[in-house]
Amino acid sequence: MVDQSKENKPDYTAVIRSNLEENIQHIHRLFSNTSDLIIRKFTINQTNEQAAIIYIDGLTDRPTINNGVLHPLQNYSETGKPGDELMMSVGHIEREYKFQQAEASVLHGNSLLLINGREYAYILGTGGWPQRAIEDPQMEASLKGAHQGFVETSGLNIAMIRRYLPNRELKMKRLVVGERGQTNVTILYLEDVTNTTLISALEKRIQQVDVDVILNTGELSELIEDNPFSLFPQFVLTERPDSAASQLLQGRCVVVVDRSPSVLVAPVSFFSYFQSIDDYSTRWSIATFLRFLRMFAFVTATFLPAFYIAVASYHFEIIPMKLLLTLGESRGQVPFPPFVEAIIMEITLEMLREAGVRLPAPVGQTVGIVGGIVLGQAVVQAGLISNVMVIVVAFTAISSFILPNYDMVAAVRLIRFILMILASLFGFVGIIIGLMTMIAHLLTLKSLGMPYGIPLAPVRFSDWKDTLVRAPLWLLDKRPKSTISKQDTRKATRNPREEKP
Numbered sequence: 327m328v329d330q331s332k333e334n335k336p337d338y339t340a341v342i343r344s345n346l347e348e349n350i351q352h353i354h355r356l357f358s359n360t361s362d363l364i365i366r367k368f369t370i371n372q373t374n375e376q377a378a379i380i381y382i383d384g385l386t387d388r389p390t391i392n393n394g395v396l397h398p399l400q401n402y403s404e405t406g407k408p409g410d411e412l413m414m415s416v417g418h419i420e421r422e423y424k425f426q427q428a429e430a431s432v433l434h435g436n437s438l439l440l441i442n443g444r445e446y447a448y449i450l451g452t453g454g455w456p457q458r459a460i461e462d463p464q465m466e467a468s469l470k471g472a473h474q475g476f477v478e479t480s481g482l483n484i485a486m487i488r489r490y491l492p493n494r495e496l497k498m499k500r501l502v503v504g505e506r507g508q509t510n511v512t513i514l515y516l517e518d519v520t521n522t523t524l525i526s527a528l529e530k531r532i533q534q535v536d537v538d539v540i541l542n543t544g545e546l547s548e549l550i551e552d553n554p555f556s557l558f559p560q561f562v563l564t565e566r567p568d569s570a571a572s573q574l575l576q577g578r579c580v581v582v583v584d585r586s587p588s589v590l591v592a593p594v595s596f597f598s599y600f601q602s603i604d605d606y607s608t609r610w611s612i613a614t615f616l617r618f619l620r621m622f623a624f625v626t627a628t629f630l631p632a633f634y635i636a637v638a639s640y641h642f643e644i645i646p647m648k649l650l651l652t653l654g655e656s657r658g659q660v661p662f663p664p665f666v667e668a669i670i671m672e673i674t675l676e677m678l679r680e681a682g683v684r685l686p687a688p689v690g691q692t693v694g695i696v697g698g699i700v701l702g703q704a705v706v707q708a709g710l711i712s713n714v715m716v717i718v719v720a721f722t723a724i725s726s727f728i729l730p731n732y733d734m735v736a737a738v739r740l741i742r743f744i745l746m747i748l749a750s751l752f753g754f755v756g757i758i759i760g761l762m763t764m765i766a767h768l769l770t771l772k773s774l775g776m777p778y779g780i781p782l783a784p785v786r787f788s789d790w791k792d793t794l795v796r797a798p799l800w801l802l803d804k805r806p807k808s809t810i811s812k813q814d815t816r817k818a819t820r821n822p823r824e825e826k827p
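Written out as structure tokens, the structure reads:
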């Protein structure tokens, strides 16, 4: 018995034939049940050949097809013979001899031109898929920086980066990831700055990714990071072209994933997540203060609830007497131990946070503000939660909002719960165990093979000028040691006050 499904299955490795009707029939088999596939037959006026243009509606730019392909081919007055070069005003034209590559080109928004008598097809660059306008970044707002964020088209994203770095040393390597839905992935780097070892390692990891499709940069980041089981992010995802250009100048690589509004930066260190693009557009003293504030906020958001649980459960003797009386009065009517009290409030806070994110912006703000105030006051009046616990949770939430990187904030949220459990079991000893474990993990973690704790572990004193502090720009004359860049020294930067008139 013959399997009809195998008989009707198209041959993806077939070559393009000279007969136009056979080629069109093969296209129909390749794109069966594809209602948005357009096949338009016409006659080429120049050579009097029968032809057909094939494209997917919605992925191509119709004015380009009409004005750049159909109009010149049907109205060009000079006569020729079959096989002559055709008159088309399309930016990208190439020949293709196999249906497999032709099919992939059509699915990526190009048009396919088949001509009777020619054993090849023309792939025409007529892509024009829907895309949104360039807008202000949503996750990385800036006061003094540019108000342009990446979009879902890799070509536009690369162009925005090139606007900041119009230099011939800006190179790129294009890769394709995915078997079912091929995704264009582009590695950008400065050839005279970026170390070739980093480029090769990054390229090798991306080439080893074997998935159906990559939908966004976050998926690619998880698939190529050094330790996928770590809570800490090992690559920086940014949606700002000025931030990406700044990272390139420091000797890092930038990975642009098509259909994703953010790019990946590698390698990075732990302290990269506490830096903002605004640090370099404000006075160095203010930027330094803000970085110390972010580090303090990180410690507070991570350890404050655990510290409260440990003190209230085991070490209340360290509390001053007046404060201890206030704390005892606040907790007098609460039926739960400090750990349960903290877990209830933290989970409630996480639910309010997620509700504010998922709902529309006006409604989300109302839920976050009104819900927090009303719920906090209600649980205190009901005697379920103490006033001090509400203050601790509110201060923890404010501290987490100060951190500029969302991925690091997400890691802090999970680590906070682990430390709360340890504090409820062992008090300060549990907090110290959690702290030492976290430090040991950070010391062993790597980002694209580079130490995650640099410049503190291993120590690189020259990098301290742009880590916890932000030194004046004229002192930042060295690129970070973590990038092992080819050019250690940047272009000369001088203090204008040292210039003699």
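Here our numbering is used: the first residue of the sequence shown is 327, the next is one more, and so on. Note that beta-carbon positions come from the ideal geometry of N, C-alpha and C, so glycine has one too. Just so you know, these numbers come straight off a predicted model, no measurement behind them.
Got a sec, what are the start and stop residues for the alpha helix (DSSP H) residue i sits in?
{"i": "E420", "result": "No alpha helix (DSSP H) holds E420; the beta strand (DSSP E) holding it covers 419-422."}
{"i": "N349", "result": "346-356"}
{"i": "T390", "result": "388-391"}
{"i": "K499", "result": "Run containing K499: none in the alpha helix (DSSP H); it sits in the beta strand (DSSP E), 496-503."}
{"i": "V637", "result": "610-639"}
{"i": "A570", "result": "567-575"}
{"i": "T543", "result": "543-550"}
{"i": "Q474", "result": "Element bounds for Q474: n/a, residue is neither H nor E."}
{"i": "A467", "result": "Run containing A467: none; DSSP gives neither H nor E here."}
{"i": "I645", "result": "Element bounds for I645: n/a, residue is neither H nor E."}
{"i": "Q400", "result": "397-401"}
{"i": "G481", "result": "480-490"}
Please look up how many angstroms separate the CB atoms of residue i and residue j, rounded, as I've assumed it's under 8 Å.
{"i": "A447", "j": "L440", "result": "5 Å"}
{"i": "E551", "j": "F561", "result": "6 Å"}
{"i": "G481", "j": "G451", "result": "Their Cβ separation, rounded to whole angstroms, is 11 Å, which puts G481 and G451 out of contact at 8 Å."}
{"i": "I757", "j": "A749", "result": "5 Å"}
{"i": "P408", "j": "E445", "result": "The pair is not a contact, with the Cβ atoms about 13 Å apart (cut-off 8 Å)."}
{"i": "K470", "j": "T608", "result": "7 Å"}
{"i": "L653", "j": "V714", "result": "6 Å"}
{"i": "S586", "j": "E478", "result": "7 Å"}
{"i": "L438", "j": "I380", "result": "4 Å"}
{"i": "L794", "j": "F618", "result": "7 Å"}
{"i": "I487", "j": "P567", "result": "5 Å"}
{"i": "A527", "j": "G775", "result": "6 Å"}
So with Cβ pairs under 9 Å, would you call residue i a contact of chain B?
{"i": "R786", "result": "Going by chain labels, chain B is absent from the structure shown, which holds only one protein chain."}
Report buried or exposed for residue i, applying the criterion of at least 16 other Cβ atoms within 10 angstroms of its Cβ.
{"i": "Y732", "result": "exposed"}
{"i": "A746", "result": "Correcting the residue type first, residue 746 is Met in the shown sequence and not Ala. M746 should be labelled buried."}
{"i": "M734", "result": "buried"}
{"i": "F665", "result": "buried"}
{"i": "E466", "result": "buried"}
{"i": "D518", "result": "exposed"}
{"i": "P827", "result": "With a pLDDT of only 47 at P827, under 50, the local geometry of the prediction cannot be trusted, and no value is derived from it."}
{"i": "D383", "result": "exposed"}
{"i": "A632", "result": "buried"}
{"i": "V755", "result": "exposed"}
{"i": "T770", "result": "exposed"}
{"i": "F629", "result": "buried"}
{"i": "P686", "result": "exposed"}
{"i": "Q703", "result": "exposed"}
{"i": "R578", "result": "buried"}
Residue range of the beta strand (DSSP E) that residue i falls in?
{"i": "H366", "result": "Per the sequence presented here, residue 366 reads as Arg, with His not at that position. Its beta strand (DSSP E) spans residues 363-370."}
{"i": "A378", "result": "375-382"}
{"i": "N510", "result": "509-516"}
{"i": "L563", "result": "562-564"}
{"i": "L590", "result": "589-592"}
{"i": "V519", "result": "Looking at the DSSP string, V519 is not in any beta strand (DSSP E), and its letter there is neither H nor E."}
{"i": "V582", "result": "579-583"}
With a threshold of 8 Å on Cβ separation, who are the neighbours of residue i within its own chain once the five nearest residues in sequence on each side are excluded?
{"i": "N493", "result": "L516"}
{"i": "R388", "result": "G454"}
{"i": "D789", "result": "I780, P781, K804, P806, K807, S808"}
{"i": "S331", "result": "Caution applies to S331, whose pLDDT of 44 falls short of 50 and renders its modelled position unreliable; the model cannot decide the point."}
{"i": "E333", "result": "Reliability of the predicted coordinates at E333 is poor, the pLDDT of 48 falling under 50, and no value is obtained from them."}
{"i": "D329", "result": "With a pLDDT of 46 at D329, under the threshold of 50, the modelled position of that residue is not reliable, and the figure given next carries that caveat. Hits under 8 Å: none found."}
Below 7 Å CB to CB, which residues in the same chain sit around residue i once its five sequence neighbours on both sides are set aside?
{"i": "L675", "result": "V719, A723"}
{"i": "D462", "result": "H473, G475"}
{"i": "I644", "result": "V637"}
{"i": "G443", "result": "S344, E375, P408"}
{"i": "G588", "result": "Per the sequence shown, the amino acid found at residue 588 is Ser instead of Gly. Here the set comprises F476, T543, L563, T564, E565."}
Taking 6 Å as the limit between beta carbons, can you name the residues of its chain near residue i, skipping five residues before and five after?
{"i": "E422", "result": "A428, A447, I449"}
{"i": "R657", "result": "S712"}
{"i": "R366", "result": "I379"}
Hey, which unbroken runs of the alpha helix (DSSP H) at 4 residues or more fall wholly within the segment 434-459?
-> none
Could you name each continuous beta strand (DSSP E) segment of 3 residues or more that falls completely within the segment 728-811, going from the start of the chain to the end?
-> none
Jot down the residue ranges of each uninterrupted alpha helix (DSSP H) in the segment 650-686, minimum 4 residues, whole runs only, in chain order.
-> Taking 4 residues as the minimum length, the alpha helix (DSSP H) runs contained wholly in the segment 650-686 are 664-684, in order along the chain.
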